[in-house]
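Participant:
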Amino acid sequence: LFWEVNKGNAERPTVVVMNPPFSSSVVSGRHSTIGVGGAHIEAALDSLAQGGRLVAVVGNGMSYDSPSKSAAAWWKKIGSKYRVMANVRVNGNEYAKYGTDFDNNIIVIDKVEPDPTVKPVFGKIESLDEFPALMEGVRNARPGSNQQTESASDKQGSRGGNETPRTGLVSVGKPEQPD
43 LFWEVNKGNA ERPTVVVMNP PFSSSVVSGR HSTIGVGGAH IEAALDSLAQ
93 GGRLVAVVGN GMSYDSPSKS AAAWWKKIGS KYRVMANVRV NGNEYAKYGT
143 DFDNNIIVID KVEPDPTVKP VFGKIESLDE FPALMEGVRN ARPGSNQQTE
193 SASDKQGSRG GNETPRTGLV SVGKPEQPD
């Protein structure tokens, strides 16, 4: 899709959800989380419509606080062009039953100008059940959204002073089970 968008043969998506290669490329034989995964993410961001959002599941080597110099340089470049909204580590035990227990990160990057007043969500979760609450502010701050939502704290009037207005998607959670 990215190549078709860049050639002008497809509309630019407003949302990209992806799982780029974590550590190697079959074609080039490169072995680098940042080099391979980062290149896929950058291609997706280039193809994304202005104001769009990218969500990616990446290897732990792409964490924002990675000690890797190449990771630090990559994040600095991405942070100078786009608004990094989240980089949350997910404990690999959460999906060990599928054959791996490697920690991953879920990253969210908005294709809008960086804003130093918007602080990304960083953290580590042990269970995916923790994810919706941790990401509520990110979900509600999606650029270009005209859908209004209210969190419980908004309804109670306890909103902090410097928060981004709450616009975005409705909550995602487990569906209720019939009695």
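Okay, so the sequence shown: first residue is 43 according to this note's numbering, each after it adds one. Glycine residues also receive a C-beta, built at the ideal position from the N, C-alpha and C atoms.
(1) Kindly identify the DSSP beta-bridge partner or partners of A98.
(2) Starting from R125, follow its DSSP beta bridges and name the residues at the other end.
(3) Please identify the residue among G77, Y124, G141 whose C-alpha is closest to the C-alpha of G103.
(4) Among Y137, P156, V132, whose alpha-carbon lies nearest the alpha-carbon of N146?
(5) Grouping DSSP H, G and I as helix and E and B as strand, with all else coil, what is F173?
(6) Near V59, which residues of its chain fall below 6 Å by C-beta distance, leaving aside the five closest residues on each side in sequence?
(7) Please report the straight-line C-alpha distance between K153 and Y140, rounded to a whole angstrom.
Facilitator: According to the structure shown:
(1) M60, I149
(2) D152
(3) G77
(4) V132
(5) helix
(6) V97
(7) 33 Å
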